[in-house]
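Input: a single structure, listed below in structure tokens.
Numbering (this note's numbering), first residue to last: 87 to 225.
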């Protein structure tokens, strides 16, 4: 069984009962695991850099600039931490046989949508419905 590529996922036009077959699940598990590893490596690198870069700049302007840089980096890591939780939930969904199916409707989310957003838990239609409801009640 050959490994699927992104191109194969985009071109897939198999029967509906073959959706999220073993090859699809392996492809998305590898994709999600790679993203997870990248986020963890970035977080480790940031922690190491901040721990080793303890020499404060003597110039107040340089110190302020360094602190602003740290704040921006920490905000980015916080966004990645939230994404990491979604990635880990998606990997659990693969393990439980629920990956790729809409949490609201149970319908397939779609390979192309999952390729664009591997952590998606809703089909496009369900997501749009939620956004419309949210907008209605927000106004």
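Cβ atoms here follow ideal geometry from the backbone N, Cα and C, with glycine treated the same way.
Assignment of beta-bridge partners to residue 187 by DSSP yields 194. Residue 136 carries a helical assignment under DSSP once its states are collapsed to helix, strand and coil. Taking residue 136 as the centre and dropping the five residues before and after it, the same chain places the C-beta of 156 closer than 7 Å to its C-beta, in chain order.
Closest by C-alpha distance to residue 190, out of 203, 181, 215, 200, is 215. Contact between the stretch 199-213 and the stretch 123-132 is absent: fewer than 3 CB-CB pairs across the two stretches fall below 8 Å.
Between residue 114 and residue 200 a beta carbon distance of about 6 Å is seen, short of the 8 Å cut, so the two are scored as contacting. In this chain, residue 90 is not harboured by any alpha helix (DSSP H), its DSSP state being neither H nor E. Here DSSP, grouped into helix, strand and coil, assigns residue 208 to coil. In the structure shown, residue 182 adopts coil according to DSSP, grouped into three states.
In terms of Cβ geometry, residue 166 and residue 129 form a close pair [threshold 8 Å]. Under the 10 Å beta carbon count, residue 110 is surrounded by 16 or more other beta carbons and is classified as buried.
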